[in-house]
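Residue numbers (the working numbering), protein chains in the order written: chain D, 11 to 375; chain W, 11 to 375; chain C, 11 to 375; chain P, 11 to 375.
For every residue, glycine included, the Cβ atom is placed at its ideal position computed from N, Cα and C.
These figures come from a predicted structure and were not determined experimentally.
Here it is, written out as structure tokens:
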């Protein structure tokens, strides 16, 4: 499972934050799929830093150069490789970090795993920058799904203690989702933008950071996608969601609220509506028995506060074998939640492509 | 990913609730591993119904017959297949369920996926009974890990609104975990047993059901297991956790509480303790950057209330194409949380075996 | 890849020759597929020993008990497990073999791999008996393909030095293939049966054995199945063919004769025939660039002589650490080629199902 | 299996002959492995065209730019991506080929598979140029194995009808193999170079091409690598060998000669030699039961004649739906066998790395 997702819509990602380039190989894009590089660039821009005041001041161009799998504007059907050159790196910022382990980061775990041979500059392969390839792949996945009537979008459900409204689990519609994707700071209740930005600014002023929650929905997904057990929609999607650095909890439907409910509250009763089976509620988030049931898919990803903070922290220095104090300088987001929105959307889009393709395979013969 | 987990400690499960048998094939058990059938039987008994008043009155023998991969009490190194005959089935209970879709169950999603050809008796392949093979595999996995000094146990963190205490995230130790596994109703604070049982009994009296939370810990896991992104400890473990029917949310470390914290609160500062790097707190649940960091692993799985309830529910009848009312008769648990404890432990044990073996492969050459 | 084939038509096999049972799990049979147990039994009988004078005198019932994935005569779409109990075993025949390594067998390699923990009785998991699950899976695969107009059959292309005729690479048709499958000793030129049987009998009289070649064809396979490189038809099919014990060479099309040809001889020129593209010759065996081209698929598998022979052989005794002499007693085929015919057919059928399903996945979106 | 090999030493390749670049991602190189770019360049040069008179006059620089997974000269342990820019392409040579299907090539099969969307220039993704990434990966794999005492090399066993000597199956040694790798035209019997070159030149003069055979050996491979059935050494290696365009037959040990032998001739008798178990002969090519037995590994790959020939061939024109005649112009090898030597070595090296890592995983716990 290392470095690789999927059996049908296969994704391999590579790169280090301060190495020559990062990128991805996608194998499984249907031949003839139009590759809209402008649409991809718009999605990439949603993740890129510097596009919003909550984000780091670094300018990452994040221009993807497609070096294979594309011919005359369409996917060839053979593996598509996209590359993003790393042009704006200041490795000098990171020198002390080679031996001083940043709390909350992969530094120590990675040092042990790779015996100290991994690239420490900017977090190396562990950098959140590696979510850019996910967004690239997600953008292609979402276009494939959109052609089937599936819409996917997410919003900032919380930053720090400030909550946005939640999706209407039954009536969330494609139009709402499309509108969300147009917003730089996507909220269902725009009135929460100011307090959320204030929470981020307060953290920054305090040399600290805040976390948040991203809620994501998909509409138009037909019933019957996914498999029981290891190939459940939740299993496959959560594998991708937990690949996103900083995600530490994943909920489907009512998630952590479900244990406090009774069966009669949590069960989604069904009815015929214009000859079609629908549920009256959607506590299960569109998934029962690991399989889509035709209702909107709903999930939430909890994102921990950015571990890179300027205030002094106690940690270890592997070069001296002694404790030390670390103040992380450089450009860091006090809150990555706004940039994570499109990453979470991408994870769901990639998972649904994989699952749709898996389902098609079982109907081939 | 269908019906199959892992690349090293490979697990395939099969069977339907009322078919001839259920079982599993495990490929990857090291040759010479002692297979302690008594220890496995004890774990199976922890999942089996009827062992506790909260559970259904059905008696499932759940005797596993190992038909391959075992020779003179030890694993041969070739695939081990275990079978559990289904002897105590009352299919008559389920006749109406072939067309009346039970709310909260996989019935409708499964009908669509399999075109109506799946076995509807007792939930067929979707039955929670299929977690028995997980427990079998988990029991072997846990024995393998125990030989490396890894202990895994879980407790009932909540039933309905009643909460148990939580694991001490830093100091939880092997002795605590071993003691938990001896308890029929595993709690850190035994005083919660009575109110929890009352909550279950109240639901039963009300023809209803309740959900809960299982919290699981592993101690003794060395740093450096897991991989960034798609092979993260969280990704691999959550794939298994979300394979367990009724699990709808998974949290690692402080999980859903992390978004409300600041970076300075959530980061786990590190220190040298007797020459060993340890963290002073464990908000990350022993995993940073997707890789174990040597601290205890901590996770929580939210389990929705059992969807099978006796009270009348509104649903659809596929045979008439009209709405109907359904009262589910038969023997059903008003709360599956106590039986789920060992299943969640098993998921973590299997994931850790897989990840340890993956790590070993990368150090082979 | 251990113990497991495929991503779509997934196959796991398990069992030891003298253990309680052998069997297989197949995940990926489309829901609703009729499972014709009589047809499967006929295929199993073609592989079973004792059905032909060239084969061992053992009687293996090889009755498959399907314990999951089957409901009312059709596949449920969830994993199908089939079991074959081992009822007719004489482990006494094999006692000396635990330490005396049979030349040409897996004994020594397996001892090293499994540290001596593998089941030595009757070859354990290495036994050719494990091809029975392949035939079971192949029978289902062939039925799926037959519904698409694909026919697969093989013949005994050679036994010892006696050659059968070869398939007409361009005009081999479904009728020829169906007729071959009805024959107990399938040959294109029935005149070769007597000399072939004489070669086998001569080997037996000489306490020796002979090998042979199986040639297999598939008609009706549409163009466009398979992928370049690692997913080529040859790659996927050869993985299965080389899984069959005793297969030591695999050829597609003209195979080992191609190096001696020129490009102008080996290239298959094309023409329009009734508006359809066909080739005038078929030196490539229906596969170009790893992908089917619509011509019949043709392959040959070279099968080494049965290593179990009665005459005394020089070998090592691991218990004494000294050389020894070994005479293998017991019931052994002087020639397994006739029984291998249906196994080779099965390998091709399974590979084509896998590849068809893979192709369908890439056209899903 | 599409576009992707392995579970441990994972390899993804991408690119089209005339697209911006080709390349590969390798996931699984142990952290800290020295990456000797000079040694890799030497291996790449052995495959590159233009280095020998038998090859095309094109100059492919084949300079690999490593863009990830490398830090301070060593593998980081995270995915390594290498890119080869396509700088010397003359697409004009290929215009007519978009609709006129070259006999013996993937053109028609690929057109059907990809619906005409694949890149037709220079064969696109089907180009033999995609073996360059295999050689890159193979060079790293061979260095890893060399550190374990494993040597791998191949020679030109035949071109057209001219045969080289064969490896001594028992006594082939590391020194012989190292010497072979230094030769531009690797032969065991150098006297065959002149007649082989004459055969190639005769084909060229005749506007035709010739095929050949590559024989490959590995010494120093310990017993116990590989698995029975689907993970056999032969299965895994042949998946890679048949990924190489033009390979149409694969033999292990005595291969196609084994069917004509008796068991007493083909079995490899064993003896103790200095306390170590060795075989007196090696008809099985170092593999029994799918597992290495400690003897040298021996295999042969049959390579069909280059399908690109200048002489006029009959074929179809998809744009007119009518037959046509095609003369392939441009720079083409009349014989690719010398360049294929290092590709075949690479396939074996990659397979052995994968299998060694798989074996290590099963000994981890």
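From residue 46(C) to residue 153(C), what distance separates their C-alpha atoms?
-> Rounded to the nearest angstrom, the two C-alpha atoms are 9 Å apart.
Nearest CA to the CA of residue 146(P): which residue from 182(P), 229(P), 51(P) and 224(P)?
-> Of 182(P), 229(P), 51(P) and 224(P), the smallest CA-CA separation from residue 146(P) is found for 51(P).
Could you run through the region 347-369 of chain W and flag, in chain order, every residue whose CB is less than 8 Å away from some CB of chain P?
-> If the cut-off is 8 Å between Cβ atoms, the region 347-369 of chain W has 363, 366, 367, 368 and 369 near chain P.
At least one CB of chain D closer than 8 Å to the CB of residue 185(C): is that the case?
-> So no, residue 185(C) is outside the interface.
Could you round the C-beta distance between residue 224(C) and residue 347(C) to whole angstroms and report it? I think they count as a contact, below 8 Å.
-> The beta-carbon separation of residue 224(C) and residue 347(C), rounded to 7 Å, stays under the 8 Å limit for a contact.
Taking the CB atoms as reference points, tell me whether residue 246(W) and residue 364(W) lie closer together than 8 Å.
-> In this structure, residue 246(W) places its C-beta atom within 8 Å of the C-beta atom of residue 364(W).
Segments of 3+ residues assigned as beta strand (DSSP E) that fall wholly inside the region 231-315 of chain D = Complete beta strand (DSSP E) runs here, min 3: 257-262, 280-283, 286-289 and 307-313.
Per DSSP, what kind of secondary structure is residue 122(P) in: helix, strand or coil?
-> In the structure shown, residue 122(P) sits in a helix (DSSP, three-state: H, G or I).
Look at the Cβ atom of residue 112(D), then the Cβ atom of residue 93(D), and state whether they are nearer than 8 Å.
-> With respect to the 8 Å criterion, residue 112(D) and residue 93(D) are not classified as neighbours on the basis of their beta carbons.
Inter-residue CB distance, residue 87(C) and residue 41(C) (contact presumed, cutoff 8 Å) = Residue 87(C) to residue 41(C), Cβ: 3 Å. Contact.
Mind listing which residues of the region 146-158 of chain P have their C-beta closer than 9 Å to chain W's C-betas, in chain order?
-> Cβ proximity to chain W below 9 Å picks out 151, 154, 155, 157 and 158 from the region 146-158 of chain P.
Given a threshold of 16 other Cβ atoms within 10 Å of its Cβ, counted over all protein chains shown, does residue 28(P) qualify as buried or as exposed?
-> Counting C-beta atoms within 10 angstroms of its own C-beta, residue 28(P) has 16 or more neighbours from the protein chains shown and is therefore classed as buried.
Residues near residue 159(P) in its chain [Cβ-Cβ closer than 7 Å; skip 5 each side] | Residues 230 of the same chain have their beta carbon placed closer than 7 Å to that of residue 159(P), with the five preceding and five following residues left out of the count.
Per DSSP, residue 172(D) forms a beta bridge with which residues?
-> In DSSP, residue 172(D) forms a bridge with 169(D).
Using a Cβ cut-off of 8 Å, pull out every chain W residue sitting near residue 276(D), in sequence order please.
-> 114, 221, 314, 315 and 317, listed in chain order.
Could you tell me whether the Cβ of residue 108(P) comes closer than 8 Å to any Cβ of chain C?
-> Not one chain C Cβ lies under 8 Å of residue 108(P).
Where residue 186(C) falls: helix, strand or coil (DSSP) = DSSP places residue 186(C) in the helix class (H, G or I) of the three-state scheme.
For a contact meaning CB atoms closer than 8 Å, what does residue 86(W) contact in chain C?
-> The contacting residues are 26, 124, 127, 128, 129, 134 and 135.
For residue 20(C), the residue or residues it bridges with in DSSP = Beta-bridge pairing by DSSP links residue 20(C) to 37(C).
Per DSSP, what kind of secondary structure is residue 135(C) in: helix, strand or coil?
-> Residue 135(C) sits in a helix when the DSSP states are folded into three classes.
In three-state DSSP terms, what is residue 150(P)?
-> Residue 150(P) falls in the helix class under three-state DSSP.
In chain order, what residues of the same chain have a beta carbon less than 6 Å from the beta carbon of residue 336(P), not counting five sequence neighbours either side?
-> Sequence-distant partners of residue 336(P) (beyond 5 residues in either direction) whose C-beta falls short of 6 Å from its own C-beta, in its chain, are 110, 323 and 325.
Residue 82(P), DSSP secondary structure in three states = In the three-state reduction of the DSSP assignment, residue 82(P) falls in the coil class, being assigned neither a helical nor a strand state.
Under three-state DSSP, which class holds residue 197(W)?
-> Coil, per DSSP.
Between the Cα of residue 25(D) and the Cα atoms of 267(D), 155(D) and 95(D), which residue gives the shortest distance?
-> Looking at the Cα atoms, 95(D) is the closest of the given residues.
With a threshold of 16 other CB atoms inside 10 Å of the CB of residue 222(W), please say whether the residue is buried or exposed.
-> Residue 222(W) should be labelled buried.
Using 8 Å as the Cβ pair cut-off and three pairs as the minimum, do the region 287-295 of chain C and the region 260-277 of chain C touch?
-> Contact holds: three or more Cβ-Cβ distances are below 8 Å.
By the criterion of Cβ-Cβ separation under 7 Å, what are the contact partners of residue 17(P) in chain W?
-> Simply 17.
Give a yes or no on whether 8 Å exceeds the smallest Cβ distance from residue 119(P) to chain D.
-> No, its Cβ sits nowhere closer than 8 Å to a Cβ of chain D.
Determine the extent of the beta strand (DSSP E) in which residue 335(C) is found, giving its start and end residues.
-> It spans 332-336 - the beta strand (DSSP E) in which residue 335(C) sits, taken as one unbroken run.
What's the call for residue 34(D), buried or exposed, on a 16-neighbour Cβ count within 10 Å?
-> Counting the other CB atoms within 10 Å of its CB gives residue 34(D) a total of 16 or more, which places it among the buried residues.
Give, in chain order, every residue of the region 72-83 of chain C whose Cβ lies closer than 9 Å to some Cβ of chain W.
-> Look at the region 72-83 of chain C: the residues with a C-beta under 9 Å from a C-beta of chain W are 75, 76, 77, 78, 79, 80, 81 and 82.
Going by the beta-carbon positions, is the gap between residue 243(C) and residue 300(C) smaller than 8 Å?
-> Yes.
What residues of chain D sit near residue 255(P), judged by a beta carbon separation below 8 Å?
-> One finds nothing in chain D with a Cβ atom closer than 8 Å to the Cβ of residue 255(P); even the nearest lies about 14 Å away.
Candidates 161(C), 329(C), 339(C) and 367(C): closest to residue 121(C) by CA position = Minimum Cα distance to residue 121(C) is reached at 329(C).
Assigned exposure category for residue 20(C) - 16 Cβ within 10 Å defines buried | Answer is buried; the Cβ neighbour count reaches 16.
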